[in-house]
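In the working numbering, the protein residues as written are 3 to 238.
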């Protein structure tokens, strides 16, 4: 009996020890689980933040793609309008191709180049009858356009012009020739004077340094109105 009692005490002691150890292990396991839960919650919150950020960026990208599409549509529309206008100009000036007149489309602009011998006598600013006919045909096409800008540039060669009466030099000659062309275009059409500018560039923008006849010219540069495009680019 005494021996059984002693064994029972030993067993009770071991049981209490196991209980204590089990409680410590359980507490550790609970703490570990709580730590894991907190970490998972933290990661979940971060994922939610990232999702919100991603959605916001996605909305911004959608807005940018929409604006880019609008820009592309405007540019395509302008390009098509420029192409059609070039065709109309070419049709109107078809009889002058081999008389020193060329039409070129470059960088979204139309360049109508007329050599000086088509328009002017040497050193003169009065337009010849044939040149006037070409300018009237061009003006009739351009008067129907409402969304373009027109720059009439006068160019000379590098030969020095010295005269006591006007034009006194190449600067004056280039400006006066551009002005003469501008007046003929305005006087023989319903063009809005606000859409046209006359300018002289003297000898400083030659087309071909080895061929002075090509440098003596009038360039009529037709540019599409890009205000709509600039407004869209600058809008928020």
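C-beta atoms are modelled at their ideal positions from N, C-alpha and C, and glycine is treated no differently.
Asked	Found
What residues are listed by DSSP as bridge partners for residue 200?	154
What do you reckon, are the CB atoms on residue 138 and residue 190 nearer than 8 Å?	yes
Does DSSP classify residue 99 as helix, strand or coil?	coil
Does residue 1 pass the burial test, meaning 16 or more other C-beta atoms within 10 Å, or should it be called exposed?	Within the shown structure, residues of the chain are numbered from 3 to 238, placing residue 1 beyond reach of any answer.
If I measure Cβ to Cβ from residue 97 and keep anything under 6 Å in the same chain, skipping five residues before and after, which residues do I get?	none
When you compare only the Cα positions, how much space is there between residue 163 and residue 173?	9 Å
Among the candidates 182, 209, 216, whose CA atom is the shortest distance from the CA of residue 198?	182
Give the straight-line distance between the Cα atoms of residue 207 and residue 123, rounded to the nearest whole angstrom.	21 Å
Looking only at C-alpha atoms, which of 131, 126, 185, 165 sits nearest to residue 176?	126
Going by C-alpha distance, which of 168, 209, 59, 222 is nearest residue 184?	222
Using the Cβ count rule (16 or more neighbours within 10 Å means buried), how would you classify residue 157?	buried
Decide if residue 10 is buried, meaning its Cβ has at least 16 other Cβ atoms within 10 Å, or exposed.	exposed
Can you list the beta strand (DSSP E) stretches of 3 or more residues lying completely in the region 30 to 94, in chain order?	none
Whose CA, out of 187, 117, 168, 200, lies closest to the CA of residue 145?	187
Using the C-alpha atoms, what's the distance from residue 72 back to residue 66?	10 Å
Name the one or two DSSP bridge partners that residue 226 has.	150
Look at residue 120 and residue 136 and say whether their C-beta atoms are less than 8 Å apart.	yes
With DSSP as the reference, label residue 220 as helix, strand or coil.	strand
Identify the residues that DSSP records as bridge partners of residue 108: which are they?	111
Using the Cβ count rule (16 or more neighbours within 10 Å means buried), how would you classify residue 109?	exposed
State the beta-bridge partners of residue 129 as determined by DSSP.	122
Give the DSSP bridge partners of residue 117, in chain order.	219
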